[in-house]
Amino acid sequence: MGSLYLLIPVSLIFCVIALVAYFWAVNSGQYDDLDGEGERLLFDHDDKPQKGELKQNDNKKNPDEQR
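Whatever position you read off the sequence shown (first residue = 1), add 994 for our numbering.
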């Protein structure tokens, strides 16, 4: 019975800390865009041309410079 006098306040303190952490995460925008990071990892939008694409584009743009 004596241990309940210690465990109940400790568990209440842990619950308050968990609620504060949850409300901090919600208010700071941690849950605003749940799909954005997953899409960013799956779909790589790399705008840098590859070496083969760069040579083909150069040939099409300036055919006079090849001579």
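Don't be surprised by glycine CBs; every beta carbon is placed ideally from N, CA and C. As the structure is a prediction and not an experimental result, all values here were calculated from the model.
Close-in-space but distant-in-sequence residues of the same chain around residue i (CB under 8 Å, 5 per side omitted)
i     : result
Y1025 : A1019
L1001 : none
Residues near residue i by beta carbon distance below 7 Å, same chain, minus five either side
i     : result
S1005 : none
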